[in-house]
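**Student:** Structure provided below as structure tokens; questions to follow.
Protein chains: 2
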Amino acid sequence: MRDVARLAGVSTSTVSAVLNGTVPVRPERKKRVLDAITALDYLPDTIARGLKTGKTNAIGVVVPDITNAFYPEVIRGVEVTAQKAGYSVLLCDSNEDPHREEEHLNTLFSRRVDGVLLACCADSTAYGNTFRGRFPVVFVDRVPPMMLEGTVASDNVQAGSVATRHLIDLGHRQIAMLAGHLGLSPHRDRLEGFRKVMQEKHLPILDEYLISGDVQIEDGLEACRQLLELKQPPTAIMASNNKLLLGVLELLAQRTIRVPQQISVLGFDDYLWNRYFNPSLTAVAQNTFEIGKSGCELLLELIEQDQEEEPVLRSVRIPTELRIRNSTAAPSA
Amino acid sequence: MRDVARLAGVSTSTVSAVLNGTVPVRPERKKRVLDAITALDYLPDTIARGLKTGKTNAIGVVVPDITNAFYPEVIRGVEVTAQKAGYSVLLCDSNEDPHREEEHLNTLFSRRVDGVLLACCADSTAYGNTFRGRFPVVFVDRVPPMMLEGTVASDNVQAGSVATRHLIDLGHRQIAMLAGHLGLSPHRDRLEGFRKVMQEKHLPILDEYLISGDVQIEDGLEACRQLLELKQPPTAIMASNNKLLLGVLELLAQRTIRVPQQISVLGFDDYLWNRYFNPSLTAVAQNTFEIGKSGCELLLELIEQDQEEEPVLRSVRIPTELRIRNSTAAPSA
DNA sequence: CCAAAATATCGAATCGTTTCTACGTCGCTT
DNA sequence: AAGCGACGTAGAAACGATTCGATATTTTGG
């Protein structure tokens, strides 16, 4: 910056004024400064600027597992929105480990990010005081219990309802749900949606049709095995998570049970390739990009609002969409 | 930091000495400092430190499309390695747009990252001078032509060879390749591998069996349509990219052509769900995590080596692995 | 055409660290 | 018992920007 000032024959304050447009600069000198900037191909040091202004124009994004295809799409929504507003994104993967998550949050604080988007991991400890006075935080996708504001997620209760209703409308009465990890809000909410609709329709919810726990492929496989061994196996299975669903499909393939003729299968999260499965999969699609975008927008609002006034927190629910394909059908007589 | 110093009754230099262990501090005072740090729950300001030391302990990662399942796995490898070494990751998505890529590189320079991992986009301009004197760069996955060092990618020539050999060994002679975008090194290299093996085996390479261009689902669909309309359609199709493959599968499903009975199909990049397709897909798997890890390691070496000495660049090729499943079989008589 | 008002520019202090130099203190040696 | 290293510690100057009060320049009005 000093070099630019010297070359343009002005002071650094003037260069700064040109750069930020905070203060008027006479056109002739402005041009000299701009020329000097291109001549030296000078780019301001964001680090130094951040130190002085107390604002880094960077946000942290913490996800539990970036290889879960759900999160990259969310991140894309965040990235686009952040970039448009002139923010950079620091990416952290907690690998579903609360300890690592906390480390990441400390690092992010150390780097003085302006705010954080957090998809917390399964057994995260209570937050509350971790953030107190550090930075604004918006929870995305996974919302800790009792966190009523500053959150963006799919409307998972509705998602669970819609899926259940679809199966009932097809004529299913014995519906099983692999509910996933009930410590995580999306799974908890989908189960709630399921329960609600079953009650509305006066259908019994059988304990043995409700399986919760971990959400890996093997868990889905094992759960499906249990269901098939029941005296009265379900005619439809909903899996609250992509990997559980794969496990279910694997077991059904092993036993050469035909979908949807012998059993209907439905999943949450709709990925590009779900259409290309055979049969193509019925699923409740989340608007992942929108989750990221909304989350980022909410966070930027929190960041840019006056520190004085009471934070205007919102809680956003993004609608989901049932995509009916060929893995669900009326139950066989 | 001043507060910590005051509370511990020492100078800020001493606090700094305790923090960095650069200079010995008497145990008794060290304890007082550490106590003060926990009492005030002080975390040093990485921004200020970076300004002073000229080192940010941050690296940039630029990918062309984070929703392409390949990259999140690479990023995971990067993230883990970076975190272990005390570096943070700034994520940038160029969305296959060279202009945006350049913007991102400027931002990263402005933020004074210590180095950058770059998976460049299709029509990136020559680099060379963009980086000159800015920061070390390691290319991952996609290597610009003539870039001989400071690169990490799969051994795509070998990948192409292995795939081709597999099909030939099954008895195929009419093999088509959807070669993808020849401006991108992975696609170019796979095609080269294909060519090499076909020549070795003295098999003709027919122009109409070689289709290059964009790499979206529709492109695969269209290319497959062309192939099927030939007087002599191929008995096997290899698709150089995941989405091309989906397009192929879609068209084959539309025409109810059975895989592998009527035609064999093979892809590159092996994803979790490839096993669960029906038929399960034969594919050449890349070691994505390792690409990220190696790339990051190479970059950290470049960063941490003495600025004076000549940079010791390496070019790493990660082996691939053919996973034979049910989408390839001997051609029907 | 000059004083006053308005506008533009400059210099210096500052953000929170690190690091260099200078100084103080302690324990040995003789 | 005094002097000399060795070892610790403190103070102050930087890093590269922003920003504020002070000063210089231009414009305006009478």
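Respectively, the protein sequence lines represent chains G and P. First residue of the first sequence? That's 98 in the numbering used here, and the numbers climb one at a time after it. First residue of the second sequence? That's 98 in the numbering used here, and the numbers climb one at a time after it. Cβ atoms here follow ideal geometry from the backbone N, Cα and C, with glycine treated the same way.
Can the beta-carbon of residue 87 (chain P) be found closer than 8 Å to that of residue 191 (chain P)?
**Tutor:** Absent from the model: residue 87 (chain P). The displayed extent of chain P is 98 to 430, so no value can be given.
**Student:** In chain order, what residues of the same chain have a beta carbon less than 7 Å from the beta carbon of residue 133 (chain P), not counting five sequence neighbours either side?
**Tutor:** Stepping through the second sequence from its first residue, residue 133 (chain P) is reached at position 36. Here the set comprises 101, 104 and 105.
**Student:** Between residue 118 (chain P) and chain G, is the shortest Cβ-Cβ distance under 8 Å, so that the two count as touching?
**Tutor:** Walking along the second sequence from the start, residue 118 (chain P) turns up at place 21. Output row for residue 118 (chain P): interface = no.
**Student:** If you check the beta carbons only, do residue 154 (chain G) and residue 184 (chain G) fall under 8 Å apart?
**Tutor:** Counted from its first residue, the first sequence places residue 154 (chain G) at position 57. Counted from its first residue, the first sequence places residue 184 (chain G) at position 87. The answer is yes: Cβ separation under 8 Å.
**Student:** Less than 8 Å between the beta carbons of residue 164 (chain P) and residue 169 (chain G), yes or no?
**Tutor:** For the purposes of this step, residue 164 (chain P) is taken as the residue at position 67 of the second sequence. For the purposes of this step, residue 169 (chain G) is taken as the residue at position 72 of the first sequence. Against a cut-off of 8 Å, the Cβ pair of residue 169 (chain G) and residue 164 (chain P) comes out as a contact.
**Student:** Please specify which runs of the beta strand (DSSP E), each continuous and at least 3 residues long, are wholly inside the segment 246 to 270 of chain P, giving them in chain order.
**Tutor:** The segment 246 to 270 of chain P contains these whole beta strand (DSSP E) runs: 248 to 251.
**Student:** Once DSSP output is grouped into helix, strand and coil, what is the label at residue 418 (chain G)?
**Tutor:** For the purposes of this step, residue 418 (chain G) is identified with residue 321 of the first sequence, where counting begins at 1. DSSP places residue 418 (chain G) in strand when its eight states are reduced to three.
**Student:** Would you mind listing the beta strand (DSSP E) stretches within the segment 342 to 408 of chain P that are 3+ residues and don't spill past its ends, in chain order?
**Tutor:** The qualifying runs are 361 to 365 and 379 to 382.
**Student:** Buried or exposed for residue 301 (chain P), please, with buried defined as at least 16 other CB atoms from any protein chain shown within 10 angstroms of its CB.
**Tutor:** Here the question's residue 301 (chain P) lines up with position 204 in the second sequence. So residue 301 (chain P) counts as exposed.
**Student:** Mind checking which residues open and close the alpha helix (DSSP H) that includes residue 114 (chain G)?
**Tutor:** On the first sequence, residue 114 (chain G) is found 17 positions in, with the first residue counted as 1. That run of the alpha helix (DSSP H) goes 109 to 117.
**Student:** In or out: residue 360 (chain P) buried (at least 16 other Cβ within 10 Å) or exposed?
**Tutor:** Along the second sequence, read from residue 1 onward, the residue named residue 360 (chain P) stands at position 263. So residue 360 (chain P) counts as buried.
**Student:** Could I get the ranges of all uninterrupted beta strand (DSSP E) runs contained in the segment 145 to 179 of chain G, with 3 residues as the minimum, in chain order?
**Tutor:** Runs found: 155 to 160.
**Student:** Mind checking which residues open and close the alpha helix (DSSP H) that includes residue 321 (chain G)?
**Tutor:** Walking along the first sequence from the start, residue 321 (chain G) turns up at place 224. Unbroken alpha helix (DSSP H) run through residue 321 (chain G): 314 to 326.
**Student:** Step through the CB atoms of chain G and report whether any lies within less than 8 Å of the CB of residue 186 (chain P).
**Tutor:** Position 89 of the second sequence, counted from the first residue, corresponds to residue 186 (chain P). Yes, because at least one Cβ of chain G sits closer than 8 Å to the Cβ of residue 186 (chain P).
**Student:** Comparing alpha-carbon positions, which option in G:119, G:193 and G:249 lies nearest residue 410 (chain G)?
**Tutor:** The count along the first sequence starts at 1 and reaches residue 410 (chain G) at position 313. For residue 410 (chain G), the nearest C-alpha among the options comes from G:249.
**Student:** If the cut-off is 7 Å on Cβ atoms, which residues from the segment 138 to 167 of chain P count as contacting chain G, listed in chain order?
**Tutor:** Within the segment 138 to 167 of chain P, the residues whose Cβ lies closer than 7 Å to some Cβ of chain G are 140, 141, 142, 143, 144, 145, 147, 148, 153, 163, 164 and 166, listed in chain order.
**Student:** Report the residue from P:247, P:243 and P:230 whose alpha carbon sits nearest the alpha carbon of residue 237 (chain P).
**Tutor:** As a first step, residue 237 (chain P) is located in the second sequence; it is residue number 140 there, counting from the start. Of the listed residues, the one whose Cα sits closest to residue 237 (chain P) is P:247.
**Student:** Going by DSSP, which residues form a beta bridge with residue 412 (chain P)?
**Tutor:** Residue mapping note: residue 412 (chain P) aligns to position 315 of the second sequence, counting from 1. P:248.
**Student:** So what's residue 302 (chain P) in DSSP terms, helix, strand or just coil?
**Tutor:** Working through the second sequence from its first residue, we reach residue 302 (chain P) at position 205. Residue 302 (chain P): coil per DSSP, three-state reduction.
**Student:** Give a yes or no on whether 8 Å exceeds the smallest Cβ distance from residue 169 (chain G) to chain P.
**Tutor:** Numbered from its first residue, the first sequence carries residue 169 (chain G) at position 72. With 8 Å as the cut-off, residue 169 (chain G) counts as an interface residue toward chain P.
**Student:** Give the single residue among G:233, G:271, G:243 and G:283 whose Cα lies nearest to the Cα of residue 253 (chain G).
**Tutor:** Taking the first sequence and counting its residues from 1, one reaches residue 253 (chain G) at position 156. If we check each option's Cα against that of residue 253 (chain G), G:283 comes out closest.
**Student:** Reducing DSSP to helix, strand and coil, say where residue 275 (chain G) ends up.
**Tutor:** Working through the first sequence from its first residue, we reach residue 275 (chain G) at position 178. In this structure, residue 275 (chain G) counts as strand in the three-state DSSP scheme.
**Student:** Excluding sequence positions up to five away, which residues of its chain have a Cβ less than 7 Å from the Cβ of residue 186 (chain G)?
**Tutor:** Counting from 1 along the first sequence, the entry for residue 186 (chain G) is found at position 89. 156, 158, 175, 176 and 179.
**Student:** In chain order, what residues of the same chain have a beta carbon less than 6 Å from the beta carbon of residue 239 (chain G), not counting five sequence neighbours either side?
**Tutor:** For the purposes of this step, residue 239 (chain G) is taken as residue 142 along the first sequence, with counting starting at 1. Cβ neighbours of residue 239 (chain G) beyond the five flanking positions: 216, 217, 281 and 282.
**Student:** Go ahead and label residue 53 (chain P) buried or exposed: buried means 16 or more other beta carbons lie within 10 angstroms of its beta carbon, across all protein chains shown.
**Tutor:** Here chain P comprises residues numbered 98 to 430, so residue 53 (chain P) is not present and cannot be evaluated.
**Student:** Specify the secondary structure class of residue 230 (chain P) as computed by DSSP and reduced to three states.
**Tutor:** What you label residue 230 (chain P) is simply residue 133 of the second sequence in a count that begins at 1. Coil, per DSSP.
**Student:** Output yes if chain P places a C-beta closer than 8 Å to the C-beta of residue 391 (chain G); else output no.
**Tutor:** By one-based count along the first sequence, residue 391 (chain G) stands at place 294. Cβ-Cβ to chain P under 8 Å: no for residue 391 (chain G).
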